[in-house]
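Structure first, commentary second.
Protein chains: 2
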Amino acid sequence: MAGERRKFRREGEEKRRDALITAALDLISEGGQGSATVRAIADRAGVTPGLIRHYFQTKEDLTREAYRALMDRMVEDNAAVLEAAPADPAARLAAFVAAALRPPVMDPGRMGLWAGFIHQVRRDADMAAVHAETYLGYRARLEEMIAALPGPREAAAIRRLAIACNGVIDGLWLEGCALPGAFEPGELEQIGLAAVGAIVGIDLTAHHPLPPPSTEFAP
Amino acid sequence: MAGERRKFRREGEEKRRDALITAALDLISEGGQGSATVRAIADRAGVTPGLIRHYFQTKEDLTREAYRALMDRMVEDNAAVLEAAPADPAARLAAFVAAALRPPVMDPGRMGLWAGFIHQVRRDADMAAVHAETYLGYRARLEEMIAALPGPREAAAIRRLAIACNGVIDGLWLEGCALPGAFEPGELEQIGLAAVGAIVGIDLTAHHPLPPPSTEFAP
DNA sequence: CCTGCAATTATGCAAGTGTATAATTGAGGG
DNA sequence: CCCTCAATTATACACTTGCATAATTGCAGG
Chain E
1 MAGERRKFRR
11 EGEEKRRDAL
21 ITAALDLISE
31 GGQGSATVRA
41 IADRAGVTPG
51 LIRHYFQTKE
61 DLTREAYRAL
71 MDRMVEDNAA
81 VLEAAPADPA
91 ARLAAFVAAA
101 LRPPVMDPGR
111 MGLWAGFIHQ
121 VRRDADMAAV
131 HAETYLGYRA
141 RLEEMIAALP
151 GPREAAAIRR
161 LAIACNGVID
171 GLWLEGCALP
181 GAFEPGELEQ
191 IGLAAVGAIV
201 GIDLTAHHPL
211 PPPSTEFAP
Chain L
1001 MAGERRKFRR
1011 EGEEKRRDAL
1021 ITAALDLISE
1031 GGQGSATVRA
1041 IADRAGVTPG
1051 LIRHYFQTKE
1061 DLTREAYRAL
1071 MDRMVEDNAA
1081 VLEAAPADPA
1091 ARLAAFVAAA
1101 LRPPVMDPGR
1111 MGLWAGFIHQ
1121 VRRDADMAAV
1131 HAETYLGYRA
1141 RLEEMIAALP
1151 GPREAAAIRR
1161 LAIACNGVID
1171 GLWLEGCALP
1181 GAFEPGELEQ
1191 IGLAAVGAIV
1201 GIDLTAHHPL
1211 PPPSTEFAP
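So the protein sequences, as listed, match chains E and L.
Under our numbering, the first residue of the first sequence carries the number 1, and numbering increases by one thereafter.
Under our numbering, the first residue of the second sequence carries the number 1001, and numbering increases by one thereafter.
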């Protein structure tokens, strides 16, 4: 009659760590850090809370590792897009921009995730370093792609162009995540391509699968 | 010998509500929702925790009002920039863009504030409505300014241009807030003006107080 | 000066938090 | 088959959180 002890299966360390990290990321994505309690994380990972302490010295450790995993995953996704992209520089840049402005990259959950970590990133020096590294890597990719476009450009100009393009991508991504339903399907991709194209001085809208809008940006 | 009861002054309701809301916003800005406990808020407002319940039925109420206050304040700041701006449409747009990309608008604290509310905004319908209203108002301002620029434009084109410009502003704002120190002073303003100018097809860099960079965006 | 009331403080409580530690049990090697 | 040990669960604890309620006290109006 006394409460029966819960049955369990022994799993490999890597599997359990992954499950816990994934659970933590899901919870943060949905409800912020406040929702990612040890009990909730363990529950979602199909495990009892004590196990967390067996794999991570502290909850902050788990959070730190989750952040690193998130960043790694984003960098991977990014690289995957570039691998599948065509060789033509303009088409390549277009594919990169468009990929960032549609699901699964443009997703309210990802925005929630990003927001959920900000304060911790500001406090923790390690996490701040990971953040800076990831951001600068992203920008470096953009710089490469811009440098490959036709026409000569100075290094300083390439830097500024990359920062601007990065801004457009991030900003539109943010808008799309924050107000899904405020835009037509594919609209943000179109707008992003037109804007990035205007900035670098090359028409990118032709490289988009959806039909371009009837009127161009510049009147 | 027993603990002496703390002295206090009676204040007007408005003053106390303001103090509590300001305290809550400061704390959220610094450390996220997790740092804004009733005790911490009361402490920073120079008051004991019980008083919060006297002015707000629940902590969530206080948070909701704080969010509304924040949004109102941002809209006000925005309007103030436009009032002080020159009459020439291009100069006006330039002033608007530049203002968003330097302190006090571009500030890590504001980003923290914004991030701290995201999850609550996603859950709470009232807060979501305030958010949407504020965002669309901001975009409407941009549409007006773009429509006032020389050259004819269709309404649909103006909409797309405004979304793109909004994206540039938000994205560069985000980058500057997230990685202060990664940019030279005034650099993001320059980049923002050049990018927005490229998008709307008008040179805006001339309207900036700082000397424009030696090379233009388009090669 | 006093008197009453609302603004404010003080105290208490149940629920939830992260963490420490002890008790179990699955599963591989002999 | 059993034995061992790490993986896992269970329990406990000190602390924090939001909220409720009672006890005070500043201050305006007579």
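Ideal Cβ positions, reconstructed from N, Cα and C, are used throughout, including at glycine.
Counting only C-beta atoms, is residue i closer than 9 Å to chain L at any point?
i: E:F183; result: yes
i: E:M111; result: yes
i: E:H54; result: no
i: E:L70; result: no
i: E:E187; result: yes
i: E:H208; result: no
i: E:G12; result: no
i: E:G32; result: yes
i: E:Q57; result: no
i: E:R123; result: yes
i: E:A99; result: no
i: E:L204; result: no
i: E:P108; result: yes
i: E:E175; result: yes
i: E:A194; result: yes
i: E:A66; result: no
i: E:A164; result: yes
i: E:G116; result: yes
i: E:L93; result: no
i: E:A79; result: no
Please return the same chain residues whose Cβ sits closer than 8 Å to the Cβ of residue i, not counting the five positions on each side in sequence.
i: E:I169; result: V97, A100, L101, G192 and V196
i: L:G1154; result: Reading the sequence as shown, one finds Glu at residue 1154 of chain L and not Gly. Taken in chain order, the list of residues that qualify is empty.
i: E:K59; result: V38 and I52
i: E:L113; result: L25, I28, S29 and L70
i: L:L1149; result: P1089, A1090, L1093, V1200 and I1202
i: L:G1137; result: V1075
i: L:T1134; result: M1071, M1074 and V1075
i: E:E13; result: Y55
Hey, is residue i's beta-carbon within less than 9 Å of any beta-carbon in chain E?
i: L:V1168; result: yes
i: L:A1148; result: no
i: L:G1137; result: no
i: L:I1041; result: no
i: L:I1021; result: no
i: L:R1160; result: yes
i: L:P1103; result: no
i: L:L1172; result: yes
i: L:A1198; result: yes
i: L:G1050; result: no
i: L:A1178; result: yes
Apart from the five residues on each side of it in sequence, which residues of its chain come closer than 7 Å, Cβ to Cβ, to residue i?
i: E:A162; result: R139, L142, E143 and I146
i: E:Q120; result: T63 and M127
i: E:I41; result: L20, A23, A24, L27 and I52
i: L:F1183; result: G1176
i: L:V1130; result: Y1067, R1068 and M1071
i: L:V1081; result: A1095, F1096 and A1099
Going along the chain, which residues of its own chain have a beta-carbon closer than 6 Å to the beta-carbon of residue i, five neighbours each way excluded?
i: E:M111; result: C177
i: L:Y1067; result: F1117 and M1127
i: L:L1172; result: L1101, L1188 and G1192
i: E:A84; result: none
i: E:T48; result: A42
Along the chain, where does the alpha helix (DSSP H) that runs through residue i open and close?
i: L:D1043; result: V1038 to R1044
i: L:L1174; result: A1155 to A1178
i: E:H208; result: No alpha helix (DSSP H) contains E:H208, which DSSP labels as neither H nor E.
i: L:K1059; result: K1059 to A1084
i: L:R1053; result: G1050 to Y1055
Could you have a look at residue i and say whether DSSP puts it in helix, strand or coil?
i: L:I1224; result: Outside the displayed span of chain L (1001 to 1219) sits residue 1224 of chain L, for which this structure offers no information.
i: E:Q33; result: helix
i: E:V196; result: helix
i: E:P104; result: coil
i: L:P974; result: There is no way to answer for residue 974 of chain L, as the model of chain L reaches only from 1001 to 1219.
i: L:F1096; result: helix
i: L:D1124; result: coil
i: E:Q190; result: helix
i: E:A182; result: coil
i: L:A1148; result: coil
i: L:G1012; result: coil
i: L:R1006; result: coil
i: L:V1047; result: coil
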